[in-house]
Amino acid sequence: MTTRHETAILDPQLYRPDFPILNRTIEDGRPFVYFDNAATTQRPRQVIEAITTLYETHYGNVHRGIHRLADETTELYEGARERIARFLNASSETEVIFTSGATAGINLVARAWGDANVHEGDEILVTELEHHSNLVPWFQLAERTGAVIRYIPITDDGLLVMEELERLLSSRTKLVAVTAASNVLGTVPPLPVIIKAAHSVGALVLVDGAQGVPHRKTDVQALDADFLVFSGHKMLGPSGVGVLYGKREILESMPPFMGGGSMIREVRMDGFTPGDVPYRFEAGTPPIVPAIGMTAAIDYLEQVGLERIDQYERQLTKRLHEELEKLEFVRILGPTPEYKSGIVSFVVDRIHAHDVAQVLDSVGVAVRAGHHCAMPLHKRLGVTASVRASFYFYNMASEIDRLIEGLDRAVRLFRRRK
Ligand code: PLP
Numbered sequence: 016m017t018t019r020h021e022t023a024i025l026d027p028q029l030y031r032p033d034f035p036i037l038n039r040t041i042e043d044g045r046p047f048v049y050f051d052n053a054a055t056t057q058r059p060r061q062v063i064e065a066i067t068t069l070y071e072t073h074y075g076n077v078h079r080g081i082h083r084l085a086d087e088t089t090e091l092y093e094g095a096r097e098r099i100a101r102f103l104n105a106s107s108e109t110e111v112i113f114t115s116g117a118t119a120g121i122n123l124v125a126r127a128w129g130d131a132n133v134h135e136g137d138e139i140l141v142t143e144l145e146h147h148s149n150l151v152p153w154f155q156l157a158e159r160t161g162a163v164i165r166y167i168p169i170t171d172d173g174l175l176v177m178e179e180l181e182r183l184l185s186s187r188t189k190l191v192a193v194t195a196a197s198n199v200l201g202t203v204p205p206l207p208v209i210i211k212a213a214h215s216v217g218a219l220v221l222v223d224g225a226q227g228v229p230h231r232k233t234d235v236q237a238l239d240a241d242f243l244v245f246s247g248h249k250m251l252g253p254s255g256v257g258v259l260y261g262k263r264e265i266l267e268s269m270p271p272f273m274g275g276g277s278m279i280r281e282v283r284m285d286g287f288t289p290g291d292v293p294y295r296f297e298a299g300t301p302p303i304v305p306a307i308g309m310t311a312a313i314d315y316l317e318q319v320g321l322e323r324i325d326q327y328e329r330q331l332t333k334r335l336h337e338e339l340e341k342l343e344f345v346r347i348l349g350p351t352p353e354y355k356s357g358i359v360s361f362v363v364d365r366i367h368a369h370d371v372a373q374v375l376d377s378v379g380v381a382v383r384a385g386h387h388c389a390m391p392l393h394k395r396l397g398v399t400a401s402v403r404a405s406f407y408f409y410n411m412a413s414e415i416d417r418l419i420e421g422l423d424r425a426v427r428l429f430r431r432r433k
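Following this line, the structure appears as structure tokens:
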């Protein structure tokens, strides 16, 4: 018998019953449509139950207790680290550091690695696609050290100008920080090419996997990135937890960033000796339940199959592109669907993105509107704000019709007023 995880094409109807929140309806009784998955995804019952069970049965602080609840919780927490290492194909669980999210992971690298290794005149290479989380920590590092930020530019279609990469890379480049997928345009940069080129000049690479890891299989050894960050809440998991993956020898060379309990080997009256990796980077009580809860999300995602998820979301992207292209008042931002993940941003002629989103909400369609924490990218594209629809595997092609209906309504409402 074929199970729901084995059908050639992913059928969202087989997964939706696992997500209680998808049962919500709007005033007219129609189901609510959730197209804001790049901001945060929803959780299946399996994840919610895993969290509840933890609080009900196995909860204590980790790494410190001499009692069974603390021991059991520590075992589960360290088990989560091993599970995530397997999920990423990391060579050791010591390469997995729990953080509060992608943003915290990037800041950790900027502080711990950046302050020790980046000096005046050194260069950090980013792209014009980046989220503020992968820009501001580098600006702050540059302010502290006198380093220079350089950009790999994009074309008007939102693709990286790869010829510029060779020109920008030099012995001054210390780090290339690049997204696995633009949270605005959906553009998927050619990471293997970028990583190889960066390594050829001795630069390290940080991949912002916030929009990549939840949607595509990520093998850190094959990718050869030096650092990778992502957030649990964008992949069916709890909020308040994320992961920083780092190559072990690099992590071992880094001083701790935050000080406190758990990150030390010894504390004396006159100083301290830091603990080993990864504990050195996990000062204080870590996000215990969210970290363990993340493994339930990973189990779920792996059952659905990340290749199928990627393939299915790209189909939705293609479908939305086809529908939006029929509307003369819409300008789609970014490249054609074959270069995109499940994210589509657009602007509506003479109607502000916030107004569009409000009308869409009135017909029960949740999208994001604004600059999506990517102001430089919007400036580059010559717009101040956009509307973003972002998919996950529980979205259905029929829901796209609701979005189109909402756009028609927005145009009728706002054009009449003007
Ligand atoms: N990077 C990208 C590409 C994102 O889309 C986001 C969140 O939207 C982040 C980083 C930051 O993630 P978090 O807010 O979970 O730290």
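Going by my numbering, the sequence shown opens with residue 16, and the numbers climb by one from there. For every residue, glycine included, the Cβ atom is placed at its ideal position computed from N, Cα and C.
- One Cα belongs to ILE313, the other to ARG430, and the distance between them is close to 46 Å.
- Looking at the DSSP output, ALA404 sits in a beta bridge with VAL359.
- For ARG383, the enclosing beta strand (DSSP E) has its first and last residue at 383 to 385.
- A distance criterion of 6 Å places the beta-carbon of HIS147 beyond contact range of the ligand PLP, judged by its closest non-hydrogen atom.
- When DSSP states are grouped into helix, strand and coil, GLY75 belongs to the coil group.
- Inclusion of LEU175 and ILE167 in the CB contact set at 7 Å is warranted, their separation being smaller than that value.
- Every unbroken stretch of the beta strand (DSSP E) spanning 3 or more residues and falling wholly within the segment 254 to 337 is given here in chain order: 257 to 261, 279 to 283, 286 to 289.
- Annotated three-state conformation of PHE50 is coil, per DSSP.
- Inclusion of GLY116 in the 6 Å shell around the ligand PLP follows from its C-beta lying nearer than that to a non-hydrogen atom of the ligand.
- Ranked by how close their Cα comes to the Cα of LEU251, the residues PRO46, ARG39, ARG60, ARG45 have ARG60 in first place.
- Judged by their CB atoms, TRP153 and ILE139 are nearer to each other than the 7 Å cut-off.
- In this structure, VAL378 sits away from ALA404, with a CB-CB distance that is not shorter than 7 Å.
- Within 10 angstroms of the beta-carbon of ASP51 lie 16 or more other beta-carbons, which makes it buried.
- According to the DSSP assignment, ASP223 belongs to the beta strand (DSSP E) that extends over 219 to 223.
- Within the same chain, and ignoring the five residues on either side of GLU108 in sequence, the residues whose Cβ sits closer than 7 Å to its Cβ are ARG96, GLU97, ALA100.
- Beta-bridge partners of ALA192 (DSSP): LEU221.
- Closest in alpha carbon position to HIS146, among ALA53, ASP86, LEU335, THR233, is ALA53.
- Short of 8 Å from the beta carbon of THR351, and not among the five residues preceding or following it, lie these beta carbons of its own chain, in chain order: ASP172, HIS336.
- About 13 Å separates the Cβ atoms of HIS386 and ALA372, ruling out a contact at the 8 Å cut-off.
- Our two residues, LEU342 and VAL402, have alpha carbons roughly 15 Å apart in a direct line.
- In the three-state reduction of the DSSP assignment, VAL199 falls in the coil class, being assigned neither a helical nor a strand state.
- Residue PHE408 holds the alpha-carbon nearest to the alpha-carbon of PRO229 among PHE408, ILE347, ALA218.
- Less than 7 Å divides the Cβ of HIS20 from the Cβ of GLN318.
- The three-state reading of DSSP puts VAL244 in strand, counting E and B together.
- Of all C-beta pairs linking the segment 274 to 289 to the segment 85 to 94, fewer than three are shorter than 8 Å, placing the two stretches out of contact.
- In the three-state reduction of the DSSP assignment, GLU138 falls in the strand class.
- The closest heavy atom of the ligand PLP lies 6 Å or more from the beta carbon of ALA368.
- Burial check for GLU414: the Cβ neighbour count within 10 Å reaches 16 or more, so the residue is buried.
- In this chain, ILE81 is not harboured by any beta strand (DSSP E), its DSSP state being neither H nor E.
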